[in-house]
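Numbering (our numbering), first residue to last: 647 to 916.
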Amino acid sequence: MDLTGEKLCEKFASCVNSRPLKRAARYRVGVDLGTANVVVAVVDEDGRPVAGKLKRAQVVRDGLVVDFVGARDILTKMVRELCEELGEELVDAACAVPPGTGAADSKATMYVVEASGLEVRNIVDEPSAAAKVLGITDGAVVDIGGGTTGISVLRGGKVVYTADEPTGGTHFTLVLAGHFNLPFDEAENIKLDEKNQKRLFPVLKPTMEKVTDITGRHIRGFDVKAVYLVGGASALYGLKDVMADALGLEVVVPRYPLYVTPLGIALSCP
Ligand SMILES: Nc1ncnc2c1ncn2[C@@H]1O[C@H](COP(=O)(O)OP(=O)(O)OP(=O)(O)O)[C@@H](O)[C@H]1O
Ligand SMILES: [Mg+2]
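Below, the structure written as structure tokens:
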């Protein structure tokens, strides 16, 4: 990952759910409707992050909208708050869908975004959005989100292979909940606190190996030199090393994997 991408994510991280970094002449919005989180990224005309919101929400499953009204209400509130903070109407937006999503499901995502008052100027696929921020045209983008792990192989800037497997961040939490006999939400909070993660590694390692096996199975047969991890669960302590050892490939984990795709979506707005 090039430095520019890391810097963009760092800047974005500094303003998510906080105050806007600056005013701009024109704003471009990226909406990422995820299984675990809804993220809105706002960049200026030059693609510099200026503001953002993240909310935990259960309105999407496996990248597809399952609760239209809930998604619309959450997004509308997030967009309204951003407009107030920026003192400006936000209009131009891009949204994303998993690669291979059909026309009907893409439309559902677009309708949610338009119901929030934004106008959709572009619909991109998630790995292509991530690749923009990663600064890559080749390699495997592995998105370990809430519900699923999405594996995409890029060649020459195009997605040439894609798969989605139902193991994601939620499964790590379920393993912890089972191991420590805790309710899901408590286990989730323990997992998210990065100072606990080293201690949790032995408990989570088998699930990391599962994600690694899944990844290895899908990228086999492609000339992949590096694997780029994005999505919130990529941040887990130890995951990068487990993958790199087992796959024998370079594994790149950005400092803020949760923000790579949302920022890439905003950058995909013309
Ligand atoms: N620092 C962290 N360490 C470990 N896990 C994290 C961290 N931050 C977020 N997560 C996990 O990442 C997951 C959410 O990631 P993300 O927002 O990328 O998913 P999503 O886009 O909502 O879901 P999907 O892509 O599956 O639709 C959750 O399971 C959350 O617990
Ligand atoms: Mg996601």
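Cβ atoms here follow ideal geometry from the backbone N, Cα and C, with glycine treated the same way.
These numbers were taken from a predicted model, which means no experiment stands behind them.
Residue i Cβ short of 7 Å to ligand 3 heavy atom set
i, result
"Asp789", "Ligand 3 is not among the ligands present in this structure, which contains only ligand 1 and ligand 2."
Per-residue DSSP class, three states only, for residue i
i, result
"Leu700", "strand"
"Gly815", "helix"
"Val712", "coil"
"Leu737", "It should be noted that the sequence gives Val, not Leu, for residue 737. Coil at Val737, not helix or strand."
"Glu691", "coil"
"Ile782", "coil"
"Val685", "strand"
"Lys668", "coil"
"Ser923", "The chain is shown only over 647 to 916; residue 923 falls outside these bounds and no answer can be derived."
"Leu822", "helix"
"Asn835", "helix"
"Lys871", "coil"
"Leu679", "strand"
"Thr808", "strand"
Distance cut-off 7 Å: residue i Cβ against heavy atoms of ligand 1
i, result
"Thr816", "yes"
"Leu846", "no"
"Leu850", "no"
"Asp678", "yes"
"Gly824", "no"
Short Cβ contact (8 Å threshold) for residue i with residue j
i, j, result
"Leu732", "Ala777", "no"
"Val899", "Lys886", "yes"
"Val689", "Val677", "no"
"Gly792", "Gly680", "yes"
"Lys699", "Leu728", "yes"
"Ile790", "His864", "no"
"Ile911", "Ala754", "no"
"Val738", "Glu765", "The question names Val, but residue 738 is Asp in the sequence shown. For Asp738 and Glu765, yes; Cβs fall inside 8 Å."
"Thr795", "Gly814", "yes"
"Val684", "Met724", "yes"
"Val870", "Val897", "no"
"Pro695", "Leu850", "no"
"Pro903", "Arg767", "no"
"Ser660", "Leu721", "no"
"Thr816", "Ala833", "no"
Pick from the options that is closest to residue i, judged by C-alpha positions
i, options, result
"Ala703", "Asn842, Pro695 and Asp719", "Asp719"
"Thr853", "Asp869, Lys871, Gly716 and Met889", "Met889"
"Pro745", "Gly651, Gly709, Gly824 and Gly867", "Gly709"
"Ile969", "Leu846, Tyr757, Asp859 and Asp713", "Given a span of 647 to 916 for the chain in the structure shown, any question on residue 969 remains unanswerable."
"Asp839", "Arg801, Tyr807 and Gly878", "Gly878"
"Thr783", "Val799, Ile790 and Thr795", "Val799"
"Glu894", "Leu654, Gly910 and Arg866", "The residue you asked about is not Glu; residue 894 is Gly in the sequence shown. Closest option to Gly894, Cα to Cα, is Arg866."
"Thr858", "Val787, Pro903 and Glu832", "Val787"
"Glu644", "Cys741, Val779 and Ser762", "Nothing can be reported for residue 644: it is not among the residues displayed for the chain, which extend from 647 to 916."
"Pro666", "Leu909, Glu730 and Lys841", "Glu730"
"Ala892", "Ser880, Ile860, Glu691 and Gln843", "Ile860"
"Asp810", "Thr747, Arg801, Asn683 and Phe658", "Thr747"
"Ser752", "Glu734, Val711 and Asn683", "Val711"
"Asp692", "Lys668, Arg901, Phe826 and Gly802", "Lys668"
"Thr808", "Phe868, Phe714 and Met724", "Phe868"
"Leu846", "Gly884, Glu832 and Val806", "Gly884"
"Val806", "Phe818, Lys844 and Pro773", "Pro773"
"Ala881", "Arg726, Gln843, Glu652 and Arg707", "Gln843"
"Val821", "Lys856, Lys804, Lys841 and Arg801", "Lys856"
"Gly862", "Thr816, Gly785, Ala742 and Arg707", "Gly785"
"Glu652", "Pro812, Leu828, Lys841 and Gly781", "Gly781"
Residue i: CB within 7 Å of a non-hydrogen atom of ligand 2
i, result
"Thr650", "no"
"Thr755", "no"
Burial state of residue i (16 or more Cβ within 10 Å)
i, result
"Lys837", "buried"
"Asp771", "buried"
"Arg672", "exposed"
"Ala750", "exposed"
"Thr650", "exposed"
"Ser914", "buried"
"Phe826", "exposed"
CB contact below 8 Å: residue i versus chain C
i, result
"Pro903", "Given the protein chain composition of this structure (a single chain), no chain C is represented."
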